[in-house]
Amino acid sequence: MRKTITGWTKLLLAGLLLAQGCVAPQPGPDLLAPTDAQMKLRSFQSRTFEVTDRKAAMRGVIAALQDLGFIIERANEPLGLVTAARFTEPDNLSVVEVSVTVRPQADGRMLVRANAIYNRSPVDDPKVYQNFFATLNRSLFITREE
Amino acid sequence: MKCRRPRLTRWLGAAVLLLALACLGGCVTLKPPEEFFELTPESPANKAMQTRFFETGNERELLSAAAAVLQDLGFQVEDVEREIGLLKSVKERSAREYGQDIGRFMVGLVTFCYVRLPMDFHQKISAVLVARPVDRNGRRSEVRVTFYRVVWKSDGYFERTSIPPGEQRMEMIYDPLIYQQFFAKLSKAVFLEAFTL
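Top line first, the protein sequences correspond to chains A and B. Counting in the numbering used here, the first sequence runs from 171 upward without gaps. Counting in the numbering used here, the second sequence runs from 592 upward without gaps.
Here's what the structure looks like:
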C-alpha cells in the first residue's frame, strides 16, 4: 500500500513539473508593439507649438517650469532636454519630476513632449499635462510678444 | 470610592478621545499631481522677487558675471548650459543653529535624557540661474535666480531607540533680502542697473 502511494506521489510530482514547464511564457513578436493606452498617453504628453526656434522653445519650457515653482535639474541644448522637480512645501511629502523634450518637426514647428513622475510612479492623468501645456503656451506667447 | 469611579472613566474617556485625535492628525492628504502644474497665488510674487531685467542684449556677459558673483558668495559652479543660458551652482555649509542646540538641551533636561532630538547638521545651498533675452531687438535681458537648500539632520534617540543621522529635507529660499543682495552684486559686476517691471 505504502509503495503504491509513493509511486503515485512520484507520478504526480513529475506531472506537476511537466505542467510547470508548459506554462513558461513565450515572448511574442508583439512584445514591443505599442498598446492603445500607450498611444493615448503619448498624445496627452505631446503638443506642437507655433515656434520655429528650438532654443526659444527650450527657454520657454524652462521659464514655464520656473513659473510653476520647479527646480531645473538639467538642461541639454543639443538633445533639447530639460528635467525639473518640485516637492510639496514645507512637508516634503510628495515630489513631481518632469522631463521635457523639444524636437523640431518636418514643418519646422516644435514638438514638445513631457513625462511626469509623481512619487516614483508615472503620471497618466491628462489633466496634469493639460495644465503644464497651458502654462507653457502662456510662457511662449509672452516671450513672442516681447 | 463611589464618586471616584466615574471620574476615572471620564479621564479614560478623555485619554481615548485625545488618542483618536492624535491618530487623525497623522492622516495627511497628499497633494494631487495636477496641482503641481498650476500657478498659485504666490507665483507672480515669487517671480518678481527672483527676476530682474538688464538693459543689455549680451546674455553671455550676464551669465559670466553671475558666475563670478556666485563664486564671490562662496558657491561652486556645477553646471553651465551656455546655449540656453542656464547656470547651476552649489555651496555646502554647516546648518547648526544655537536655537536648536538650546532646544535639544532643554528637551533632554525635561525628559531626563530620554529624548535627544536630531538637529540640522549640514546643508547644501543651490542656486539655479537663467539668463535670457526678452527683447526682439536684443536690448534687454532677464535674469531669474532660484535659491534652495537641502538640509541633513544629525542623529538622536528616543528612549532606547536611536534615530540614525542623515534624514534630509528640502526648502525653497523665499527671503527677499537674499535675492536683493544677489542682484545688487550682479548689477555692480555688469555696470548696469537691475530693474523690475
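Glycine is no exception: its CB is placed at the ideal position from the N, C-alpha and C atoms. These figures come from a predicted structure and were not determined experimentally.
Cβ of residue i within 8 angstroms of any chain A Cβ
i              : result
T737 (chain B) : yes
M763 (chain B) : yes
P755 (chain B) : no
R740 (chain B) : no
E625 (chain B) : yes
R744 (chain B) : The sequence given here places Lys at residue 744 (chain B); Arg does not occur at that position. Cβ-Cβ to chain A under 8 angstroms: no for K744 (chain B).
N651 (chain B) : The question names Asn, but residue 651 (chain B) is Arg in the sequence shown. Chain A, which has no Cβ nearer than 8 angstroms to the Cβ of R651 (chain B), makes this no.
R760 (chain B) : yes
L664 (chain B) : no
L621 (chain B) : yes
C-beta contact flag for residue i and residue j at 8 angstroms
i              : j              : result
L654 (chain B) : F645 (chain B) : no
K638 (chain B) : T258 (chain A) : no
N289 (chain A) : S264 (chain A) : yes
R283 (chain A) : T218 (chain A) : no
P624 (chain B) : V266 (chain A) : yes
G676 (chain B) : R707 (chain B) : no
A660 (chain B) : F782 (chain B) : First, the amino acid is wrong: residue 660 (chain B) is Val here, not Ala. The answer is no: Cβ separation not under 8 angstroms.
V268 (chain A) : N285 (chain A) : yes
A785 (chain B) : R651 (chain B) : no
A657 (chain B) : L788 (chain B) : no
A717 (chain B) : G239 (chain A) : Before going further, note that residue 717 (chain B) is Ser rather than Ala in the sequence given. Contact: no.
E750 (chain B) : Y705 (chain B) : yes
E670 (chain B) : K679 (chain B) : The residue asked about is misnamed: residue 670 (chain B) is Asp in this sequence, not Glu. Contact flag set, yes.
E688 (chain B) : E247 (chain A) : no
V721 (chain B) : I241 (chain A) : no
Test: residue i CB closer than 8 angstroms to a CB of chain B
i              : result
R290 (chain A) : no
S159 (chain A) : Because chain A is modelled from 171 through 316, residue 159 (chain A) falls outside the range shown and cannot be assessed.
N285 (chain A) : no
T263 (chain A) : A small fix is needed here, since residue 263 (chain A) is Leu in this sequence, not Thr. For L263 (chain A), the answer is yes, since a Cβ of chain B falls inside 8 angstroms of its Cβ.
M171 (chain A) : With a pLDDT of only 49 at M171 (chain A), under the threshold of 50, the placement of this residue in the model should not be trusted, and no figure is reported.
V293 (chain A) : yes
V282 (chain A) : no
D237 (chain A) : yes
V266 (chain A) : yes
S309 (chain A) : no
C-beta neighbour in chain E for residue i, strict 8 angstroms
i              : result
L788 (chain B) : Judged by its chain identifiers, the structure shown contains no chain E, and its protein chains are A and B.
Residues from the region 710 to 723 of chain B in contact with chain A, defined by Cβ distance under 7 angstroms: V719, V721, R723
Where the region 244 to 257 of chain A meets chain B: residues whose CB sits under 7 angstroms from a CB there: A245, N246, E247, R256, F257
contact_flag[the region 302 to 314 of chain A, the region 216 to 226 of chain A] where n(CB pairs < 8 angstroms) is 3 or more: yes
Unbroken stretches of the beta strand (DSSP E), 3 residues or longer, contained in the region 668 to 748 of chain B: 677 to 685, 711 to 724, 732 to 744
Beta strand (DSSP E) segments (min. 3 residues) lying fully within the region 184 to 260 of chain A: 216 to 219, 241 to 246, 251 to 257
Chain A contacts from the region 672 to 696 of chain B (Cβ-Cβ distance under 9 angstroms): E672, R673, E674, I675, G676, L677, K679
The region 662 to 669 of chain B contacting the region 258 to 268 of chain A, beta-carbon criterion three pairs below 8 angstroms: no
Given 8 angstroms, three or more beta-carbon pairs between the region 698 to 716 of chain B and the region 742 to 749 of chain B: yes
Chain B contacts from the region 206 to 235 of chain A (Cβ-Cβ distance under 7 angstroms): K225, M228, R229, I232
Residues, ordered as in the chain, of the region 295 to 306 of chain A that lie near chain B by beta-carbon distance below 7 angstroms: D295, K297, V298, N301, F302, T305
Three-pair Cβ contact test at 8 angstroms for the region 730 to 740 of chain B versus the region 752 to 772 of chain B: yes
Members of the region 628 to 640 of chain B that neighbour chain A once the beta carbon cut-off is set at 9 angstroms: F628, E629, L630, T631, E633, S634, P635, N637, K638
Cβ contact check for the region 241 to 253 of chain A and the region 196 to 216 of chain A: 3 or more pairs under 8 angstroms: no
3-residue-minimum beta strand (DSSP E) runs that sit fully inside the region 618 to 661 of chain B, ordered along the chain: 642 to 645
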